[in-house]
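Take a look at the structure below.
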Amino acid sequence: MPAGTKSFYCFEDLGNRFSGLKIYESSPELLDFTDIERPKNAQVDDTIYEAEPEISLEDALVAFTIMMNDLNQIRCYLEWIWSDYRDGYFDLANAVVSINTGINLARNLIDQVLPIMKDHGSACIILEKFSFVCARRDGFSEDDTVSWSPAGKNEDIYEVADKTYLNASLLLGGLARVLPPNHLPIYEKDRAKFKKDQIILSEFFTEAVMLARIVPNYPVEDEFIRGIRELDTTGNIPFRLVYATQILLDVHHIIRDRTSSAVDSLLKHTTTMDSELSSHIDFHGNLKIENWPASNEGALCV
1 MPAGTKSFYC
11 FEDLGNRFSG
21 LKIYESSPEL
31 LDFTDIERPK
41 NAQVDDTIYE
51 AEPEISLEDA
61 LVAFTIMMND
71 LNQIRCYLEW
81 IWSDYRDGYF
91 DLANAVVSIN
101 TGINLARNLI
111 DQVLPIMKDH
121 GSACIILEKF
131 SFVCARRDGF
141 SEDDTVSWSP
151 AGKNEDIYEV
161 ADKTYLNASL
171 LLGGLARVLP
181 PNHLPIYEKD
191 RAKFKKDQII
201 LSEFFTEAVM
211 LARIVPNYPV
221 EDEFIRGIRE
231 LDTTGNIPFR
241 LVYATQILLD
251 VHHIIRDRTS
261 SAVDSLLKHT
271 TTMDSELSSH
281 IDFHGNLKIE
291 NWPASNEGAL
301 CV
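So in UniProt numbering, spot 258 of the sequence shown is number 258, and the numbers just go up one at a time.
In structure tokens, the structure reads:
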């Protein structure tokens, strides 16, 4: 035992500590007191009463703000990972897995909060109100905030709209409104007035819709393509698609002119995987084991 540490009391001394306490018996009045009958429903009343909490717009905005804080933390981590990939610290495969995992976490978080907003419209409607509050808090006028669009004149408000995912929501809304029911949306490359975000998203939007309509059973699917499938089926923009869109734009803004290196890395990885699988199949093609029974071969063929 370290020096200066007081020893524990022995069990024999514990009884002396309670010697000064007095024990009183319950009074007869208390024991004979009649029980109070609890109220009951009438015999013909089968109604079950439950508390129904009312969720106001303020409550929905508070829940939305908490959700946005968590979503922004995930977004910051993903930006950090892709920045390190750009600088050569992370491998492409690790960055890709992290971004899909991060958006999956965000989707689960969004699905938990969406029921709180159902009485006040969709999450995109709450998003517009949230962005308006943030812009007003940062000193922008009401006219600048209400009239904002990706082609707006006040470029300063773009940062607020970017941080609150309003840009991604507006871009998706514009593309969804002109989405023909039976044709693929074609992006016109000569529309030079489009902003960078619109150019990037228009190209990927066309490819995602093509996969959703022409290749419905495509074996590989990320959160962006999954959200486009839901948009094409229901006509409504799920909020998780807004988040996936913003992450997609963030990645392209981070790697910028190094996009070709990402493609080269992807081709290198797939070529290596194909070579390893082919070598594995060739090795086991004519492999014979002395103690391997013929019944096992039949099971493998099935």
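Every residue gets a Cβ at the ideal spot worked out from N, C-alpha and C, and that includes glycine. Bear in mind the structure is a predicted one, so any value in this text is a computation, not a measurement.
Residue i vs residue j beta-carbon contact at 8 Å
i       : j       : result
Ile-237 : Leu-172 : yes
Leu-61  : Ile-126 : yes
Asp-250 : Arg-75  : yes
Ile-55  : Asp-119 : yes
Phe-239 : Ala-123 : yes
Tyr-243 : Tyr-165 : yes
For residue j and residue i, the rounded distance between their alpha carbons
i       : j       : result
Ser-275 : Leu-71  : 39 Å
Pro-216 : Gln-73  : 33 Å
Asp-45  : Thr-34  : 27 Å
Asp-59  : Phe-132 : 17 Å
Arg-177 : Leu-231 : 11 Å
Thr-233 : Ile-214 : 13 Å
Val-220 : Thr-272 : 19 Å
Tyr-158 : Asp-84  : 25 Å
Phe-194 : Ser-141 : Any reading at Phe-194 must be qualified, since the residue scores a pLDDT of 40, below 50, and its modelled position is unreliable; no value is offered.
Tyr-49  : Leu-114 : 26 Å
Val-97  : Trp-80  : 14 Å
Glu-37  : Leu-241 : 56 Å
Ser-265 : Met-117 : 42 Å
Tyr-24  : Asp-32  : 17 Å
Trp-292 : Gly-285 : 15 Å
Lys-163 : Met-67  : 13 Å
Asp-143 : Gln-112 : 34 Å
Lys-288 : Asp-91  : 38 Å
Gly-121 : Gly-235 : 15 Å
Leu-267 : Ser-278 : 16 Å
Val-263 : Leu-57  : 46 Å
Glu-128 : Thr-47  : 41 Å
Lys-40  : Glu-29  : 27 Å
Lys-196 : Ala-63  : 32 Å
Ala-192 : Asn-69  : Note that Ala-192 scores 34 on pLDDT, short of 50, meaning its location in the model is unreliable; the coordinates nonetheless yield the value given after this. Going from the Cα of Ala-192 to the Cα of Asn-69 covers about 35 Å.
Ser-26  : Gly-20  : 19 Å
Arg-226 : Ile-281 : 33 Å
Lys-22  : Gln-43  : 49 Å
Residues near residue i by beta carbon distance below 7 Å, same chain, minus five either side
i       : result
Tyr-218 : Leu-211
Leu-248 : Phe-204, Phe-224
Gly-102 : Ile-74, Tyr-77, Leu-78
Asp-138 : Val-160
Residue i at chain D interface by Cβ criterion, 8 Å
i       : result
Arg-137 : The chain inventory of the structure shown lacks chain D, comprising one protein chain alone.
Coarse secondary structure for residue i, derived from DSSP in three states
i           : result
Asp-91      : coil
residue 333 : Any answer about residue 333 is impossible in this case: the structure gives the chain only from 1 up to 302.
Asp-222     : coil
Gly-121     : strand
Phe-239     : helix
Lys-104     : According to the sequence shown, residue 104 is Asn rather than Lys. Three-state result, Asn-104: helix.
Ala-42      : coil
Lys-22      : coil
Val-215     : coil
Tyr-158     : helix
Ile-247     : helix
Thr-233     : helix
Asn-286     : coil
Ile-110     : helix
Thr-271     : helix
Ile-228     : helix
Lys-189     : At Lys-189, the pLDDT of 45 sits below 50, so the modelled position is not reliable and the matter cannot be decided from this model.
Status (buried if at least 16 other CB within 10 Å, exposed otherwise) for residue i
i           : result
Ala-93      : exposed
residue 346 : An answer regarding residue 346 cannot be provided, because it is not within the stretch 1 to 302 covered by the chain.
Ile-228     : buried
Ala-168     : buried
residue 374 : Residue 374 is absent from the model: the chain starts at 1 and stops at 302.
residue 306 : Look at the range of the chain in this structure, 1 to 302, and you will see that residue 306 is not part of it.
Thr-270     : exposed
Gln-246     : buried
Ala-294     : exposed
Ala-208     : buried
Asp-190     : In this predicted model, Asp-190 has a pLDDT of only 38, less than 50, meaning its place in the structure is not dependable; the value taken from the coordinates is given anyway. Exposed, because fewer than 16 other Cβ atoms sit within 10 Å of the Cβ of Asp-190.
8 Å Cβ shell around residue i - same chain, five flanking residues per side excluded
i       : result
Asn-104 : Glu-223
Leu-175 : Pro-185, Leu-201, Ser-202, Phe-205
Val-146 : Phe-132
Contacting residues, own chain, Cβ-Cβ under 6 Å from residue i (five flanking each side not counted)
i       : result
Trp-82  : Ala-95, Val-251, Ile-254
Asn-296 : none
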